[in-house]
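Undergrad: Sharing a structure below in structure tokens format, with a few things to ask.
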């Protein structure tokens with residue numbers, strides 16, 4: 001440390017005096033040096049104790065931070081908000097209440113998200129295994145009957161159940177995922193006014 005070095009250098013300065021100093025002056029000088037040494041020693045001990053205290057406090061803060069991260073791995077590692085789940089580079093919200101397709105979409109958009117857009121088999125399996133009830137997804141043909149599109153404007157559709165979509169009795173313009181125990185990972189079309197749970201999706205972000 002720099003400070004102890006400076007203090008020791010100061011002591012050496014005080015310990016040196018010329019040979020011509022008298023015995024009386026020597027005793028006085030030694031007494032002054034002893035007092036200064038005691039003062040420097042006391043100051044040095046105070047500095048060391050302060051450094052120890054600072055090190056202990058810093059170590060405790062690091063341990064608390066490490067423990068906090070281990071207790072909240074999803075929040076600290078994924079960049080997804082609380083109650084959202086990460087898959088790939090996206091965050092998903094799985095609702096517990098039921099709403100119509102339009103109401104569910106409004107809920108998602110109010111949280112800077114939208115109803116989920118499923119782009120792959122892996123994503124479809126991830127959703128169907130986590131949410132085993134029927135749920136709204138971001139798929140509809142409300143703009144043009146028979147032309148199914150996702151809420152982001154894309155038209156890729158992959159996992160319809162057998163003979164679906166069928167627009168049964170007309171007016172079935174919104175898509176949902178069927179219950180897992182009936183048709184795992186398969187989709188169906190129903191009236192948009194029906195109520196069911198839903199899934200929101202948005203891109204992962206960096207949260208500070």
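Residue numbers (full-length UniProt numbering): 1 to 208. Idealized CB from N, CA, C, for every residue including glycine.
1. Assign residue 188 to one of three DSSP states: helix, strand, or coil.
2. To the nearest angstrom, how far is the alpha carbon of residue 95 from that of residue 167?
3. Given this structure, state the Cα-to-Cα distance separating residue 43 from residue 58, to the nearest angstrom.
4. Around the Cβ of residue 163, are there at least 16 other Cβ atoms within 10 angstroms (buried) or fewer (exposed)?
5. How is residue 75 classed by DSSP in three states: helix, strand or coil?
6. Assign residue 189 to one of two classes, buried (16 or more other C-beta atoms within 10 Å of its C-beta) or exposed (fewer than that).
7. Would you report the Cα separation of residue 35 and residue 46, rounded to the nearest angstrom?
8. Does the separation of the CB atoms of residue 121 and residue 180 fall below 9 Å?
9. For a quick check, are the C-beta atoms of residue 93 and residue 201 less than 9 Å apart?
10. Nearest to residue 142 by alpha carbon, out of 107, 192, 196 and 39?
11. Going by other Cβ atoms of all chains shown within 10 Å of its Cβ, with 16 needed for buried, is residue 196 buried or exposed?
12. Less than 9 Å separating the beta-carbons of residue 136 and residue 99?
13. Which residue comes first and which comes last in the beta strand (DSSP E) that contains residue 148?
14. Going by DSSP in three states, residue 48 sits in which element: helix, strand or coil?
15. In the UniProt domain "C-type lectin" (87-201), which residue ranges form an unbroken alpha helix (DSSP H) of at least 4 residues, counting only runs that do not cross its ends?
TA: Answer, in terms of the structure:
1. strand
2. 26 Å
3. 23 Å
4. exposed
5. In this prediction, residue 75 scores a pLDDT of 46, lower than 50, which makes its location untrustworthy; no coordinate-derived value is stated.
6. buried
7. 17 Å
8. no
9. yes
10. 192
11. buried
12. yes
13. First-last for residue 148: undefined, no H or E at that position.
14. helix
15. 101-109 and 121-130
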